[in-house]
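Before any comments, here is the structure.
Protein chains in written order, with my numbering: chain A, 1 to 409; chain B, 410 to 818.
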């Protein structure tokens, strides 16, 4: 394998979180949900360096509290236990004790120290976990660990997701292949106030804890946070990374070429998962990539792209295959950034629809074919500066309402 | 009539903007829309003191620019001309000239000075007004002015509204009856990035321009801005008031008892219009009043109430008649205010569903009947301070999507 090559073939993607050396997984049916797998384990054969980013919601679920504490006392982690079907959020002292009990049970089942286990949950808020089933499920999962059970694990963390989300790639670090794997579950919804987003990344790279934590924090800002709108997060959101060094490659040091390539691959993998989450938005029929160019700063471009992505009027227009640039301009006008509406240019899938001075082009010719596609790229040039940002979202359909009006326990 | 009595009977409400002395109105079909009235006039028999508040959107429609200029040069106004069906927004120099031409044509038709006319528009963005039809419509409207044409005017400013929105009340000012009338058109949508909200208030009170402007600005903050989410406004939003002094009552001076009662009545009338707008949200099946109590400050309460009202998950839950307090807590957690989730209490139409320490009550008994009602009051006590705020919104339904996916010219 040549230096710097990234592989993303679908065959390789089938290994997901177990693609890196020294990782096993399990996904079992514990009975928290009425059907399907609902409990997952991710286990490293050796203690792994761990890093995490967490929801900024004031209301934090019990597993978020417990996993933050675990990471704070020990940067070396062997296992992550995850359940779906119940978020263990707004459950008070009992919920905290239940999250701790999940950690303890996982440590016992795998003969680990309890400081080596992290926990995550997703599902309905305000209900206590059925701990008898959860504890039996953990036992079962511990016995099911396998280097090929990554799909079971990816299935077990789903809630209203319609497909499992996995990724992997391998890069070269000083002649030695280093692999990054990942899985995620979608926000049911990807506009403000979304359902839980969980992401789990594994790698056999060798990297120091602080370096990994910094990399994760910066990468999440421009990947998952560009789907799950920054600051509007659920009670349970978290992204965790385990790096176990089992590749045998040398330690990645910031500032080196190897680190730069690893960081690039890391961002690419998180971007892939982020896009899968957008594509699987509840009721979605179209995937939207929104890029804002020519803003005064990247920060302004981020505000502008977010304003487009949270606009129900833009998202319903795309659903209706209507090249409604007026709604886009109105949404930009609410982004609280400085720009001149007369200078805005907009194109859809590369076809210009609005030029400067509100000159409308192509909205009769060819745009119908563009908008009938499932993947829509909206490019907006503010013609003001050098700032850019890319966000991912989906259209807003009747099906989204139907799902959320009737989704309960 | 006794001092301080407010009358809101439906019979009286039928006079709307023509209820105060010295006001006439018209609503005609100019042919901007395919069907229905689409051009309105509001005319005061004598020069009226005028005040206005306008959209904070960076993209401002031509009529907003022109009306701001008119108000800036002359606090004395005789007429307002309004069209629906076309927002005259994102129309550049031509749009500006068209808005000025509407002012000029109205002044000519009514033999007024052009400085005495204001203009407003609502409808689709990015299309030039059909000025030939508009100018003929203005002529027609000028000939149709009548003290009983208030309903025609209220109909002529509607877009996706399903009913005209009018209000009126009379109060006593030192023994003389003073009347306030009003009409509004709804935001098609009442969550972020809404369609245009227009409000027009008339009164025969005598009041100075600066006093009226201050009153309007403060009152809009807690009425229309608690429906049309503050800062997320369309390109065309405006609220205008005309006070012509024709009641013969003495000048209202701030600090007096008469002023206080006038201000109270003014807020009450704007609140009634604001609630009508929420009730008529696109596709709405339920009207929601959200009150947050016990916040650290009114500002925090406002942020909290807004967070509840913009949450699609809360609004779809109410549509599904699901007492989903977990989604409400998650929405509060994104409001960027300090509170302790353990202390939150929530009730629906007076029936408690959540007590402190996440104690769930009544979600099995009686709540079904409560949630099947069309009017739902959500009261949330943060148990932290004395801050309060009330917002109005509606549920989010499949019909909202259908309307907005297919609404074009």
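Beta carbons are placed, not taken as given, at the ideal position from N, Cα and C, and that holds for glycine.
Keep in mind it's a predicted model, so treat the numbers as computed, not measured.
TODO: Specify whether the region 505-523 of chain B and the region 670-681 of chain B touch according to this definition: at least 3 beta carbon pairs, one from each stretch, less than 8 Å apart.
DONE: The answer is no - the region 670-681 of chain B does not touch the region 505-523 of chain B, with fewer than three Cβ pairs under 8 Å.
- [ ] Determine the burial state of residue 253 (chain A): buried for a count of at least 16 other Cβ atoms within 10 Å of its Cβ, exposed for fewer.
- [x] Exposed.
Task: Beta-carbon contacts of residue 279 (chain A) that lie in its chain and below 7 Å, excluding the five residues immediately before and after - done: So the qualifying residues of the chain are 287 and 394.
Task: DSSP state of residue 778 (chain B) mapped onto helix, strand, coil - done: The three-state secondary structure of residue 778 (chain B), taken from DSSP, is helix.
Task: Any chain B beta carbon closer than 7 Å to residue 401 (chain A) - done: So yes, residue 401 (chain A) belongs to the interface.
- [ ] Within 10 angstroms of the Cβ of residue 161 (chain A), are there 16 or more other Cβ atoms? Answer buried if so, exposed if not.
- [x] Flag for residue 161 (chain A) reads buried.
TODO: For residue 327 (chain A), I'd like the list of residues in its chain whose CB is within less than 7 Å of its CB, leaving aside the five on either flank, ordered along the chain.
DONE: The beta carbon of residue 327 (chain A) sits closer than 7 Å to those of 311, 313, 314 and 317, all from its chain and outside the five residues before and after it, given in chain order.
TODO: Note down, in chain order, every chain A residue with its Cβ under 9 Å from the Cβ of residue 607 (chain B).
DONE: The premise fails here: residue 607 (chain B) is roughly 15 Å from chain A at the closest Cβ pair, so nothing lies under 9 Å.
Task: Distance between residue 110 (chain A) and residue 78 (chain A) (C-alpha atoms, nearest Å) - done: One C-alpha to the other measures close to 9 Å.
Task: Within-7 Å CB hit, residue 90 (chain A) to chain B - done: So yes, residue 90 (chain A) belongs to the interface.
Task: Neighbourhood of residue 473 (chain B) by C-beta distance below 7 Å, restricted to the same chain and skipping five residues each side - done: Only 463, 464, 645 and 647 meet the Cβ criterion.
Open item on the list: If you reduce the DSSP assignment to three classes, tell me which class residue 287 (chain A) lands in.
Closed with: Three-state DSSP puts residue 287 (chain A) in a strand.
Open item on the list: If I follow the unbroken beta strand (DSSP E) through residue 86 (chain A), where does it start and stop?
Closed with: 76-86 is the span of the beta strand (DSSP E), which, as asked, contains residue 86 (chain A).
Task: residue 591 (chain B) versus B:537, B:652 and B:545, residue with shortest Cα-Cα distance - done: If we check each option's Cα against that of residue 591 (chain B), B:652 comes out closest.
Open item on the list: If I follow the unbroken beta strand (DSSP E) through residue 150 (chain A), where does it start and stop?
Closed with: Careful: residue 150 (chain A) lies outside any beta strand (DSSP E), inside the alpha helix (DSSP H) at 150-156.
Task: Residue-level contact to chain B via CB, residue 352 (chain A), 7 Å cutoff - done: Interface residue (Cβ-Cβ distance to chain B less than 7 Å): residue 352 (chain A) is not classified as such.
Task: Contact under 7 Å by Cβ, residue 159 (chain A) with residue 170 (chain A) - done: In this structure, the beta-carbon distance from residue 159 (chain A) to residue 170 (chain A) does not fall below 7 Å.
Task: Candidates B:431, B:437, B:629 and B:448: closest to residue 455 (chain B) by CA position - done: From the listed residues B:431, B:437, B:629 and B:448, the smallest Cα separation to residue 455 (chain B) is found for B:431.
TODO: Helix, strand or coil for residue 441 (chain B), going by three-state DSSP, please let me know.
DONE: It is coil, neither helix nor strand.
Task: Contact residues within the region 731-753 of chain B, judged by C-beta distance below 8 Å to chain A - done: Among the residues of the region 731-753 of chain B, those with a Cβ less than 8 Å away from any Cβ of chain A are 731, 733, 734, 735, 736, 738, 739, 740, 741, 742, 743, 744, 745, 746, 747, 748, 750 and 751, in the order of the chain.
Task: Beta carbon proximity, residue 226 (chain A) to chain B, threshold 7 Å - done: Not one chain B Cβ lies under 7 Å of residue 226 (chain A).
Open item on the list: Tell me the rounded alpha-carbon separation between residue 610 (chain B) and residue 563 (chain B).
Closed with: CA-to-CA, the gap between residue 610 (chain B) and residue 563 (chain B) works out to about 12 Å.
Open item on the list: For a contact defined as C-beta to C-beta under 8 Å, what are the partners of residue 370 (chain A) on chain E?
Closed with: Among the protein chains of the structure shown, namely A and B, there is no chain E.
Task: As assigned by DSSP and simplified to three states, the class of residue 120 (chain A) - done: Three-state DSSP puts residue 120 (chain A) in a strand.
- [ ] Please confirm if the region 345-363 of chain A is in contact with the region 255-263 of chain A, defined as three or more CB-CB distances below 8 Å between the two stretches.
- [x] The region 345-363 of chain A, when compared against the region 255-263 of chain A, does not touch it at the 8 Å Cβ threshold.
Task: From A:186, A:293, A:302 and A:301, residue whose alpha carbon lies closest to that of residue 277 (chain A) - done: The residue with the shortest Cα to Cα distance from residue 277 (chain A) is A:186.
Open item on the list: Against chain B, does residue 59 (chain A) count as a neighbour if the rule is that its beta carbon must be under 7 Å from one of theirs?
Closed with: Closer than 7 Å to some Cβ of chain B, the Cβ of residue 59 (chain A) qualifies, so yes.
Open item on the list: Just to confirm the assignment, what range does the beta strand (DSSP E) spanning residue 797 (chain B) have?
Closed with: For residue 797 (chain B), the enclosing beta strand (DSSP E) stretches over residues 796-803.
TODO: Would you please verify whether the beta carbon of residue 800 (chain B) is less than 7 Å from any beta carbon of chain A?
DONE: No, its Cβ sits nowhere closer than 7 Å to a Cβ of chain A.
Task: Below-7 Å beta-carbon distance, residue 418 (chain A) vs any chain B residue - done: Nothing in the structure corresponds to residue 418 (chain A), since chain A is present only between 1 and 409.
Task: Distance, residue 141 (chain A) Cα to residue 463 (chain A) Cα - done: Lying outside 1 to 409, the shown extent of chain A, residue 463 (chain A) is not represented and no answer is given.
Task: Local Cβ density within 10 Å of residue 87 (chain A), reported as buried at 16 or more and exposed below that - done: Buried is the call here.
Open item on the list: Considering Cα atoms alone, identify which of A:323, A:349, A:350 and A:372 is closest to residue 534 (chain B).
Closed with: Sorting A:323, A:349, A:350 and A:372 by C-alpha distance to the C-alpha of residue 534 (chain B) places A:323 at the top.
- [ ] Give the DSSP bridge partners of residue 448 (chain B), in chain order.
- [x] Answer is B:437 and B:492.
Open item on the list: Using the three-state DSSP reduction, which class does residue 375 (chain A) fall into: helix, strand or coil?
Closed with: Look at residue 375 (chain A) here: in three-state DSSP terms it is strand.
- [ ] Please confirm if residue 492 (chain B) has its CB atom under 7 Å from at least one CB of chain A.
- [x] Contacts with chain A at 7 Å (Cβ-Cβ) do not include residue 492 (chain B).
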